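Chemist: At position 66 of the sequence shown the residue is numbered 66 (full-length UniProt numbering), and the sequence of numbers has no breaks. Note that CB positions come from ideal geometry on N, CA and C, so glycine has one too. Only a predicted model underlies this, so the values are computations on that prediction, with no experimental measurement involved.
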Amino acid sequence: MFKNSLMVFSILLIGLPLTAFSQKDSLNFSLDEIIVTGTRAQINRNNVPMTISVINRNDIEESSESALLPVLSERIPGMFVTERGITGFGVSSGGSGGITVRGVGGSPTTSVLVLIDGHPQYMGIMGHHLPDAYVASDVERVEVVRGPASILYGSNAMGGVINLITRKQNQDGWSTNGRLMYGSYHTQKYMLNGGWKHGKSDVFASINHDRTDGHRNNSGFHITNAYTRAGYGLSEYFRIWGDVSVASFTAQNPGTIARPLFDNIADIIRGVASATLENNYG
1 MFKNSLMVFS
11 ILLIGLPLTA
21 FSQKDSLNFS
31 LDEIIVTGTR
41 AQINRNNVPM
51 TISVINRNDI
61 EESSESALLP
71 VLSERIPGMF
81 VTERGITGFG
91 VSSGGSGGIT
101 VRGVGGSPTT
111 SVLVLIDGHP
121 QYMGIMGHHL
131 PDAYVASDVE
141 RVEVVRGPAS
151 ILYGSNAMGG
161 VINLITRKQN
171 QDGWSTNGRL
181 MYGSYHTQKY
191 MLNGGWKHGK
201 SDVFASINHD
211 RTDGHRNNSG
221 FHITNAYTRA
231 GYGLSEYFRI
241 WGDVSVASFT
251 AQNPGTIARP
261 LFDNIADIIR
271 GVASATLENN
281 YG
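#1: So for Ser175, helix, strand or coil by DSSP?
#2: For a quick check, are the C-beta atoms of Tyr153 and Val142 less than 7 Å apart?
#3: I believe Gly214 touches Phe221 by the beta-carbon criterion, under 8 Å. Please report the beta-carbon distance rounded to the nearest angstrom.
#4: I need the straight-line Cα distance from residue 304 to His129, nearest angstrom please.
#5: Identify which residue in Val101, Asn58, Asp117 has its Cα closest to the Cα of Glu278.
#6: With distances taken from CA atoms, which of Asp172, Gly242, Val112, Tyr122 is nearest Asn156?
#7: In chain order, which continuous runs of the beta strand (DSSP E) of length 3 or greater are located wholly inside the stretch 141-216?
#8: Tell me which residues share the same chain as Ala275 and place their Cβ nearer than 7 Å to its Cβ, disregarding the 5 neighbours each side in the sequence.
#9: Checking the sheet assignment: what are the DSSP bridge partners for Tyr227?
#10: Report, in whole angstroms, the separation of the C-beta atoms of Pro70 and Val54, which I expect to be a contact under 8 Å.
#11: Within its chain, find whatever has a CB closer than 7 Å to the CB of Ser150; leave out the 5 residues flanking it on each side and keep chain order.
#12: Determine the burial state of Asn56: buried for a count of at least 16 other Cβ atoms within 10 Å of its Cβ, exposed for fewer.
#13: Measure the CB-CB distance between Met191 and Ser137 and report whether it falls below 7 Å.
#14: Where do the N-terminal and C-terminal ends of the beta strand (DSSP E) with Val71 fall, by residue?
#15: Go through its chain and collect everything with a Cβ distance to Lys24's Cβ below 6 Å, but skip five positions before and after it.
#16: Taking Cβ to Cβ, would you say Gly255 is nearer than 7 Å to Arg146?
#17: Rounded C-beta distance between Thr187 and Ala205? I'm assuming under 8 Å.
#18: Our contact map puts Ala247 next to Ala133 with C-beta atoms below 8 Å; I'd like the distance itself, whole angstroms only.
#19: Would you please state the rounded distance, in angstroms, between the beta carbons of Lys197 and Gln169? I believe it to be under 8 Å.
#20: Looking at C-alpha atoms only, which residue of Ile257, Asn280, Arg259 is the closest neighbour of Tyr237?
#21: Quick one: what's got a C-beta closer than 7 Å to Gly185's C-beta in the same chain, skipping five residues either side?
#22: How many angstroms separate the CA atom of Asn177 from the CA atom of His209?
#23: Buried or exposed for Ser219, going by 16 or more other Cβ atoms inside 10 Å?
#24: Determine the direct distance from the alpha carbon of Gly194 to that of Asp172, and round the result to whole angstroms.
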């Protein structure tokens with residue numbers, strides 16, 4: 001009789017802390033992450049039949065990179081981006097920025113599709129993306145499909161899809177942020193962005209400048225990027241917004257050590273503008 005009572009009392013004591021812990025832990029919860037790249041419609045990330053990685057704004061700000069692709073290369077499993085020097089990618093035979101996802105892709109990148117807010121990005125002359133035009137400070141979030149997505153995006157997505165979702169001002173009032181960096185080979189990076197929001201209206205703008213003399217003779221690079229986005233909420237479900245992006249850069253190609261090149265310079269200006277009317281009925 002005594003042994004049975006003692007055993008029941010011990011079991012009750014052991015169960016009490018577990019019950020209290022479970023009740024306390026039930027107060028913590030997190031919202032489901034919504035992605036759009038894998039289906040072209042907003043859907044729970046766990047319900048997408050693809051391998052998708054998401055890089056948010058906090059991840060981007062933790063990096064000191066002004067260009068976006070090096071940030072993705074550091075954080076996306078199975079993704080590799082070729083680089084040619086200290087900063088800048090360049091174009092054509094003297095350029096880099098070739099993207100490989102799980103071994104598919106390369107240089108030029110024609111098997112990994114790059115999107116900005118769902119719009120495909122191609123450079124008209126060479127048919128592939130322009131990596132120097134993708135600036136880290138202009139992007140709120142990046143969704144990367146790691147694997148074939150041709151059924152949704154065509155043959156250019158055999159290796160995967162990178163969707164850059166641009167920034168907008170989310171907090172009321174004014175906000176500004178700036179960064180200045182200086183390093184070897186006279187490498188300089190200047191970044192400034194700011195935004196304003198009042199009621200249904202919001203504006204975000206940024207300007208960036210990178211330059212370097214390069215680690216070799218005739219390998220200099222400099223670029224200036226500017227971006228502006230403005231939006232207005234027409235109603236609870238409808239919103240109109242537009243953005244303008246301009247990138248102007250000069251990249252020198254030094255050639256190989258055995259066969260150096262002189263005065264091999266690419267001078268490019270790239271501009272993109274868009275206007276969007278979006279509706280969301282939940």
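Modeler: Working from what's here:
#1: Strand at Ser175.
#2: With respect to Val142, Tyr153 sits apart: the two C-beta atoms are not nearer than 7 Å.
#3: Going by Cβ atoms, the distance from Gly214 to Phe221 rounds to 7 Å, so yes, they are a contact pair.
#4: The question about residue 304 has no answer here: the residues shown for the chain are numbered 1 through 282.
#5: The option with the nearest alpha carbon to Glu278 is Asp117.
#6: Selection Asp172, Gly242, Val112, Tyr122 evaluated against Asn156 yields Val112 as nearest (Cα-Cα).
#7: Taking only runs of at least 3 residues, the beta strand (DSSP E) segments lying wholly in the stretch 141-216 are 160-166, 173-183, 187-198, 201-212.
#8: For Ala275, where only same-chain residues beyond five positions count, the Cβ hits under 7 Å are Gly242.
#9: Tyr227 is bridged to Ser206, Ser245.
#10: With a Cβ gap of about 18 Å, Pro70 and Val54 do not count as contacting.
#11: Short of 7 Å from the beta carbon of Ser150, and not among the five residues preceding or following it, lie these beta carbons of its own chain, in chain order: Ala157, Met158.
#12: Here Asn56 is exposed, its C-beta having fewer than 16 other C-beta atoms within 10 Å.
#13: In contact: Met191 and Ser137 (Cβ atoms closer than 7 Å).
#14: First-last for Val71: 69-75, but that is the alpha helix (DSSP H), not the beta strand (DSSP E).
#15: Note that Lys24 scores a pLDDT of 49, beneath 50, so its modelled location is shaky; the value from the coordinates is reported in the next line. For Lys24, there are no CB contacts under 6 Å within the same chain when 5 residues up- and downstream are skipped.
#16: For the 7 Å CB-CB criterion, Gly255 and Arg146 do not form a contact.
#17: In fact, because the Cβ distance is near 25 Å, the residues do not count as touching under 8 Å.
#18: The C-beta distance from Ala247 to Ala133 rounds to 4 Å, short enough to fall under 8 Å.
#19: Rounded, the Cβ-Cβ distance is 4 Å, consistent with contact.
#20: The shortest C-alpha separation from Tyr237 is found at Asn280.
#21: It should be noted that the sequence gives Tyr, not Gly, for residue 185. The answer, listed in chain order, is Ile86, Thr212, Asp213, Gly214, His215.
#22: Taking the straight line from one Cα to the other gives about 15 Å.
#23: It counts as buried.
#24: C-alpha of Asp172 to C-alpha of Gly194: approximately 12 Å in a straight line.
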